[in-house]
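Q:
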Amino acid sequence: MIHQFTKENIDAIGKVLGTKPKPLGNDVFRFEVKNEDEPRKLALEIHLGLEVNDEQMNMVSVYAYNTFLQLHNCTAFVASEMLQQVTFFGRSGDKTSGLIVEKTAGCSLYANVDHAILNGDFTQLPEDLMMCGIALSLTESMDDDFSF
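So for the sequence shown, the numbering used here puts the first residue at 558; every next one is plus one.
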């Protein structure tokens with residue numbers, strides 16, 4: 558089930574990232590994020606209700622210097638003012654992917670993470686997996702359908 562983004566969702570994402578959304582038509586929103594302290598910037602685009610094989614999906618794209626990332630089937634997001642980041646989630650079966658966009662124009666992607674990693678004790682994981690478990694632990698606050 559895809560998340561039905563609302564105007565309030567789009568505004569909350571912009572608030573956390575410190576930028577205003579720019580509508581590109583009726584179903585795409587672009588956020589331009591700049592870090593003035595470091596020469597870093599990125600653009601985040603949220604594509605709503607794309608129709609693929611007679612099903613609708615949301616897609617989140619990030620454009621940065623020498624980098625292009627996409628998260629298909631975005632089913633949820635968490636906009637955290639405390640962390641100054643927005644985490645977009647996609648779930649397929651027992652795998653979760655997360656795309657994290659930071660107010661400081663940083664970006665991270667964790668793809669196809671098994672739920673056993675997210676539901677286990679992250680302190681028992683190797684260091685490289687520990688960061689993934691911590692970063693995607695926000696899914697614990699959501700129910701199985703990622704309802705809002």
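Heads up, the beta-carbon is just placed ideally off N, CA and C, and yes, glycines get one too.
Owing to the predicted nature of the structure, the values given are computational and were not obtained by experimental measurement.
CB Leu686 to CB Ile674, shorter than 8 Å?
A: Their beta carbons are under 8 Å apart, which means Leu686 touches Ile674 by this criterion.
Q: Using 8 Å as the cut-off, can you tell me whether the segment 626-633 makes contact with the segment 587-595, which would need three or more C-beta pairs spanning the two stretches below that distance?
A: Flag = no, the segment 626-633 and the segment 587-595 do not touch.
Q: With DSSP run on the structure shown, which of helix, strand or coil describes Asn566?
A: Reduced to three states, the DSSP call for Asn566 is helix.
Q: Apart from the five residues just before and just after Ala662, which ones in its own chain have a Cβ nearer than 7 Å to its Cβ?
A: Around Ala662: Val590, Lys591, Asn592, Arg597, Lys598, Leu599.
Q: If I'm right that Tyr667 touches Ala636 with Cβ under 8 Å, what's the distance once you round it to whole angstroms?
A: Not really, about 18 Å apart at Cβ, beyond 8 Å.
Q: DSSP three-state call for Gly571: helix, strand or coil?
A: Helix.
Q: Closest to Ile570 by CA distance: which of Thr680, Ser618, Gln642, Leu605 is it?
A: Of Thr680, Ser618, Gln642, Leu605, the residue nearest in Cα terms is Gln642.
Q: Grab the span of the alpha helix (DSSP H) containing Met688 for me, first residue to last.
A: 684-692 is the span of the alpha helix (DSSP H), which, as asked, contains Met688.
Q: The ligand GDP heavy atoms versus the CB of Glu565: any closer than 7 Å?
A: This structure simply doesn't include the ligand GDP, nor any ligand for that matter.
Q: Return the first residue and the last residue of the beta strand (DSSP E) that Ala600 is part of.
A: Looking at the DSSP string, the run of the beta strand (DSSP E) that includes Ala600 is 597-609.
Q: What is the DSSP secondary structure of Ala662, counted as helix, strand or coil?
A: Ala662 falls in the coil class under three-state DSSP.
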